[in-house]
Each structure stands twice: as C-alpha cells, then as structure tokens.
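When the letters of the sequence shown are read in order and numbered with the UniProt record's numbering, they come out as residues 1 to 160.
Notes for the one structure printed next.
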Amino acid sequence: MELHVPFALDHPFFHELIKSPLVITADITLFSNEISHYSGRGGKRPWNEPRQSVQSLYSGWVGLEEEISEAFKKRDKSAIRASMRKGTGLFLHLLFWSNGQAVTLARFPDISGLTVKPANCGERIQFLVDRPELFHSFIQLRELMDEQYKHFLVNLTKKK
C-alpha cells in the first residue's frame, strides 16, 4: 500500500525519508509523528514536550554524525547523500520541535515563523539540500545542530 504524503511534508528531497521513516532512537522515528498529525490521526506529539524530545534528537545525532563521517571517509557518494538526507531531516526535527511545532516542509526553506534558530538558518538549510554531497555541507550541518541545541538550551533557561 502506497503511503499518502501529507501536503505539509511534500518535498522531493525528503520523499525517501517520509516513505520509509528512519528510526533515530527507541522513541523517535523521523517524520512518523508528523505523518500522523497531518493525516488527522492520533498519536504522540513530541514537539509539545521539547524538553524531553529535543534531548533525544540531539542524542541521536551522535550516531548519525559518525555515519556521515564514515561515508565521507569512504567517498561513497550514494551513502553520503543518504546519510546527509537523514541528518538534514534530523536537524529539521530539532529546529521545529525546539520551537514547539511539528515539522512542516510546505514553505520550505522559509522558517520565518520560528523564533529559536541559528543565524541565516533558512539559507544554510537550502545549502544542505542543494549540495548534500559536499564535505562543507557536513560541516555546516554539524554547526547547525550544535547552534540549534545551544539556542534551545538558552531559551529553556530563560523560560525558568
């Protein structure tokens, strides 16, 4: 049976991840909660609990970062492209969930509605999507992950 991709998640770069969701941690599978949400089905809404879910996402980054690094060491372009797609998807989850929102790709890469984000975030994400096989894209993704996590922690501290 063909999986229906909700309009809010319809983006060609992420089709593979949406049609075959990737397990990041025991409790997080990329895009699965968003598919349920945008399809009108019940289910978990981890973006409503960013304190817990963002930590899980960032923990999942450690293993994925190693996978991407290994793909670059082997110079395996298909593995690089696949792992960078996963990494970019993971970053979008970190970005949206740390803002208390479900991931949406409907206006991608316009993220003007998000308040907690790194500088020039939209342009930097677009760079990752346009050139995922460049090593500089991996460096950019690593920096985006770290910056977003730090912004999230600062924002969390301000709310206390």
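The beta carbon of each residue, even a glycine, is placed where N, CA and C say it ideally should be.
Owing to the predicted nature of the structure, the values given are computational and were not obtained by experimental measurement.
- Query: Could you give the distance in angstroms between the alpha-carbon of F138 and the alpha-carbon of D76?
  - Reply: 14 Å
- Quick one: complete beta strand (DSSP E) runs, 3+ long, within the UniProt domain "YpoC-like" (52-160)? none
- If you compare alpha carbons, which of D130, K73, P50 and M145 is closest to I28? P50
- Start and end of the alpha helix (DSSP H) containing K19? H15 to K19
- Query: Rounded to a whole number of angstroms, what is the C-alpha to C-alpha distance between K19 and V5?
  - Reply: 8 Å
- Grab the span of the beta strand (DSSP E) containing V5 for me, first residue to last. Per DSSP, V5 belongs to no beta strand (DSSP E) and is neither H nor E.
- Message: I'd like to know whether the C-beta atoms of L57 and K86 end up nearer to each other than 9 Å.
- Response: no
- Between W97, D146 and F135, which lies nearest to residue 205 when the distance is taken from Cα to Cα? The structure shown has nothing for residue 205, since the chain only spans 1 to 160.
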